[in-house]
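A.B. asks: Residue numbers for the sequence shown follow this note's numbering, beginning at 203 and rising by one.
Beta carbons: idealized from backbone N, C-alpha and C, even for Gly.
Got a structure for you, questions after.
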Amino acid sequence: MNYRVIIPAAGQGKRMGLGYNKLFLPLGGRALIAHTLDVFLQDSSCETVILSTNEEERELFLSLSLKGDRSKITFVNGGVERQHSVANGLSSIDAKEDTLVLVHDGARPFITREVIAKVVQKANDNGAAIVGVPVKDTIKRIQSSVVQETIDRSSLWQIQTPQAFRLSILHEAHQWARVNNYLGTDEASLVEKISYPVSIVEGSYDNIKLTTKEDIYFGEAILQAKSQEEKQ
Ligand code: CTP
Ligand code: MG
């Protein structure tokens, strides 16, 4: 099943505190975003990678060292919030097309083709599917530094990307968000607003989003473990 992917890459990486866009952080000698892009560029089911970037960083993205076929990349301009960067990518696809669209954070370089295939399959069957993992920690609700309650963990999942949708559903959800001035932290939250059921597939705990400084050494460790696995 073929798909297109929108990769929002127009953030500033403020929480990482590097003083530059964290997507250019070197990981194993190559920029973080190059690792993310290569997974999709090397996936034969991926027709197009729509990369949402800050215009002034376009040259940097064009000069990335990539292993996959860079001709699959089309650029769009990013927006103020992640959701706007995704919306710009979405409006570059002909709304009449019957296609599956994935959205994947540029800052998640450890996604695998296996997990992509799982979420694509589920979205093809059900219209909307996302990747997540069951919560491992005990979660409590806190107010003014005092515990209010312990939340039953058995129904809680941490949500990652990719998130996959039939194009018409993602369009309708983004349109709803625009009209209602709603800003979500992921695409599924918009789809939930139009009451379309979103399915979940289990991903992997190493599909982390590099967000704060300590994620850098987790990232290096995951990369090392993966390259070790490849050698075996
Ligand atoms: N992103 C984007 N456009 C924005 C904000 C974020 O395309 N206006 C992208 C980021 O580049 C990243 C993904 O959305 O690939 C997930 O966002 P996040 O991890 O929050 O990255 P940043 O916004 O760059 O980081 P921060 O929030 O710490 O500034
Ligand atoms: Mg952000």
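(1) Terminal residues of the continuous beta strand (DSSP E) containing Phe367?
(2) Check for me: the alpha helix (DSSP H) holding Glu257 runs from which residue to which?
(3) Who pairs with Val333 in a beta bridge, going by DSSP?
(4) Tell me whether Asp307, by its Cβ, gets closer than 7 Å to a heavy atom of ligand 1.
(5) Provide the residue span of the beta strand (DSSP E) that contains Asp343, from first to last.
(6) What first and last residue would you give for the beta strand (DSSP E) that runs through Ile208?
(7) Nearest-angstrom Cα distance between Ala309 and Ser401?
(8) With which residues is Arg232 paired in a DSSP beta bridge?
(9) Would the C-beta of Gly213 count as close to ligand 2, meaning under 7 Å from any of its heavy atoms?
(10) At the level of alpha carbons, what is the spacing between Gly231 and Glu261?
(11) Check the DSSP bridge columns for Leu304 and list the partner residues they point to.
(12) Please determine, among Ala212, Met203, Leu225, Ile209, the residue with the shortest C-alpha to C-alpha distance to Lys415.
(13) Mind checking whether Tyr205 and Leu302 have CB atoms under 8 Å apart?
(14) I'd like to know whether the C-beta atoms of Gln285 and Leu385 end up nearer to each other than 8 Å.
(15) For Ile275, list the residues DSSP reports as bridge partners.
(16) I need the straight-line Cα distance from Asn382 to His376, nearest angstrom please.
(17) Buried or exposed for Ala330, going by 16 or more other Cβ atoms inside 10 Å?
(18) Work out the CA separation of Arg217 and Ser254 for me, nearest whole Å.
(19) Could you have a look at Ile318 and say whether DSSP puts it in helix, strand or coil?
(20) Residue range of the alpha helix (DSSP H) that Val393 falls in?
(21) Taking a contact to mean a Cβ-Cβ separation below 8 Å, would you say Asp327 touches Thr363 in this structure?
(22) Kindly indicate which residue of Glu249, Ser370, Glu257 has the alpha-carbon position closest to the one of Ala211.
C.D. replies: So, from the data block:
(1) Membership of Phe367 in the beta strand (DSSP E) is indicated by the continuous run 359 to 368.
(2) Here Glu257 belongs to no alpha helix (DSSP H), and DSSP marks it neither H nor E.
(3) Paired residue(s): Val403.
(4) Asp307 has its Cβ nearer than 7 Å to a heavy atom of ligand 1.
(5) It is Arg, not Asp, that sits at residue 343 in the sequence shown. Per DSSP, Arg343 belongs to the beta strand (DSSP E) from 341 to 345.
(6) Here the beta strand (DSSP E) through Ile208 covers 205 to 210.
(7) If you draw a straight line from the Cα of Ala309 to the Cα of Ser401, it comes to about 23 Å.
(8) Looking at the DSSP output, Arg232 sits in a beta bridge with Leu229.
(9) True, at least one ligand heavy atom lies under 7 Å from that Cβ.
(10) Distance between the alpha carbons of Gly231 and Glu261: 19 Å.
(11) Residue pairing from DSSP places Leu304 in a beta bridge opposite Val207, Ala366.
(12) Just measuring C-alpha positions, the residue of Ala212, Met203, Leu225, Ile209 sitting nearest Lys415 is Leu225.
(13) Contact flag set, yes.
(14) Contact flag set, yes.
(15) Assignment of beta-bridge partners to Ile275 by DSSP yields Val251.
(16) The C-alpha of Asn382 lies about 10 Å from the C-alpha of His376.
(17) Buried: at least 16 other Cβ atoms inside 10 Å.
(18) Here the alpha carbon of Ser254 sits roughly 20 Å from the alpha carbon of Arg217.
(19) When DSSP states are grouped into helix, strand and coil, Ile318 belongs to the helix group.
(20) Where Val393 is concerned, the enclosing alpha helix (DSSP H) starts and stops at 389 to 395.
(21) No, the Cβ-Cβ distance between Asp327 and Thr363 is not below 8 Å.
(22) Selected option, being the one with the closest Cα: Glu257.
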